[in-house]
Amino acid sequence: MRILSDLHIHTSASPCCHDKEQTIENITEATKNMGLKKIGFADHVWVSDMYKPSGFYNKQSGEEHLKLKEIAQSRDWGIEVLVGCEADMIAPGKFGITDDFKRQMDYVLLSSDHFHMKDFVEQPENSDSRTLGRHMLKFFISAAESGMGDILAHPFFPYGFIDMYDTAMASISDAELFDACAVAAAKNTGIEINPCYLPNAAKNRFFSIETPVRFLAIAKEAGCKFTFGSDAHGIKELEAVKDFQYFIDALGLQAKDIHDMANIADQN
38 MRILSDLHIH
48 TSASPCCHDK
58 EQTIENITEA
68 TKNMGLKKIG
78 FADHVWVSDM
88 YKPSGFYNKQ
98 SGEEHLKLKE
108 IAQSRDWGIE
118 VLVGCEADMI
128 APGKFGITDD
138 FKRQMDYVLL
148 SSDHFHMKDF
158 VEQPENSDSR
168 TLGRHMLKFF
178 ISAAESGMGD
188 ILAHPFFPYG
198 FIDMYDTAMA
208 SISDAELFDA
218 CAVAAAKNTG
228 IEINPCYLPN
238 AAKNRFFSIE
248 TPVRFLAIAK
258 EAGCKFTFGS
268 DAHGIKELEA
278 VKDFQYFIDA
288 LGLQAKDIHD
298 MANIADQN
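Under my numbering, think of the first position of the sequence shown as 38, with each following residue one higher.
Right, dumping it as structure tokens:
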């Protein structure tokens, strides 16, 4: 199966994207040259009447997203362009996006594991692997049940605790993972395949590739559908989607396993 879409692309509107060349014009040109048929922009956002943003999210009020959507709809880019956002949660049931803003986006990526934001996102009660595993479970289930995200971004990847990734995931049984993923499947919430699942010594990601493969295989068994997201913050990072062929082969993914949001008529 060919990879024809990328629904997790940041522009310079995201505070963590420092590449001023990361514009809709440059990105559409680069992804067309890669042979992609559909792309989605997902800059960070915090839109909540109940919970104050952190310093990181202080200027991510959604205005830039709406401007980008207007630009995206202003012309034919030679590739299908969606404008979504990457929303966050600070604790189970506490989300940084509203139903009203979600309706204005083409789709919403919801991150359920940004635990590196230690003064903002609820932390595990203890530092052992099982506690972290249960922490990830409750965040994932809350995100999946909420319906606030069309797609869960890099689920079950514990940012801030990457050194515990293998052991934390091993502490979660297959049955627990299956039941959690079944919640996402029932809500038709997509599971994103993200570059973070690939071990990378340059980024100090020393974990077994079997850890994300196990999770993704169980998600597939539970009926989840998948999307691809480069999580690119620069033009060169768009190439990351090519590395997902490993997961396609390992999981035996076919067009029927791709989420509607990412599907292309000639996906195979």
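Backbone N, C-alpha and C fix where the C-beta goes; we use that ideal spot for every residue, glycine too.
> Looking at the structure shown, is residue 158 part of a helix, part of a strand, or coil, going by DSSP?
Replying inline: DSSP, read as helix, strand or coil, puts residue 158 in coil.
> Does the Cβ-Cβ distance between residue 3 and residue 45 come in under 8 angstroms?
Replying inline: A query on residue 3 cannot be resolved here, the shown segment of the chain reaching from 38 to 305 and no further.
> Buried or exposed: where does residue 126 fall if 16 or more other Cβ atoms within 10 Å of its Cβ makes it buried?
Replying inline: Counting the other Cβ atoms within 10 Å of the Cβ of residue 126 gives 16 or more, which makes it buried.
> Mind pulling the beta strand (DSSP E) runs of 3 or more residues that sit fully within the segment 190-270?
Replying inline: Every unbroken stretch of the beta strand (DSSP E) spanning 3 or more residues and falling wholly within the segment 190-270 is given here in chain order: 227-230 and 263-265.
> Helix or strand or just coil, what does DSSP make of residue 58?
Replying inline: Coil at residue 58, not helix or strand.
>> Here's the rule I'm using: 16 or more other beta-carbon atoms within 10 Å means buried, otherwise exposed. How should residue 245 be labelled?
In response: With fewer than 16 Cβ atoms within 10 Å of its Cβ, residue 245 is classed as exposed.
> Between which two residues does the alpha helix (DSSP H) carrying residue 170 extend?
Replying inline: Element bounds for residue 170: 166-183.
>> One question on the structure: do residue 76 and residue 145 come within less than 8 angstroms of each other, judged by their Cβ atoms?
In response: Against a cut-off of 8 angstroms, the Cβ pair of residue 145 and residue 76 comes out as no contact.
>> Could you tell me the alpha carbon to alpha carbon distance between residue 170 and residue 209, rounded to whole angstroms?
In response: Taking the Cα positions, residue 170 is about 6 angstroms away from residue 209.
> Can at least three beta-carbon pairs, one atom from the segment 253-264 and one from the segment 212-220, be found at a separation below 8 angstroms?
Replying inline: Result yes; three or more Cβ-Cβ pairs closer than 8 angstroms.
> Can you name, in chain order, every residue of its own chain whose Cβ lies under 8 angstroms from the Cβ of residue 219, other than the five neighbours on each side?
Replying inline: Cβ within range, chain order: 259 and 260.
> Count the other CB atoms within 10 Å of the CB of residue 276; is the residue buried (16 or more) or exposed (fewer)?
Replying inline: By the neighbour-count criterion, in which 16 or more other beta carbons inside 10 Å mark a residue as buried, residue 276 falls on the exposed side.
>> Let's see if you can read the secondary structure: which residues bound the beta strand (DSSP E) around residue 287?
In response: From DSSP, residue 287 is part of no beta strand (DSSP E) but of the alpha helix (DSSP H) over 282-288.
>> Only counting the same chain, and skipping five residues up and downstream in sequence, which positions put a Cβ closer than 7 angstroms to that of residue 74?
In response: So the list reads 41, 42, 116, 117 and 301, once near-sequence residues are dropped.
> In angstroms, rounded to a whole number, what distance separates the CA positions of residue 63 and residue 47?
Replying inline: Rounded to whole angstroms, residue 63 and residue 47 show a C-alpha spacing of 12 angstroms.
> Under the rule that 16 or more other beta-carbon atoms within 10 Å means buried, what is residue 81, buried or exposed?
Replying inline: When all chains shown are included, residue 81 counts as buried.
>> Taking DSSP's pairing of strands, which residues face residue 43 in a bridge?
In response: Bridge partners of residue 43: 76.
> Can we say the segment 152-165 touches the segment 134-143, given the rule of at least three CB pairs closer than 8 angstroms?
Replying inline: Contact fails: fewer than three Cβ-Cβ distances are below 8 angstroms.
> Nearest to residue 128 by CA position, among 84, 188, 177 and 99, is which residue?
Replying inline: Per the Cα distances, 177.
> When the Cα atoms are used, what is the spatial distance from residue 183 to residue 60?
Replying inline: Those two C-alpha atoms are separated by around 32 angstroms.
> Among 204, 195 and 84, which has the Cα closest to the Cα of residue 231?
Replying inline: With distances taken between CA atoms, residue 231 lies nearest to 195 out of 204, 195 and 84.
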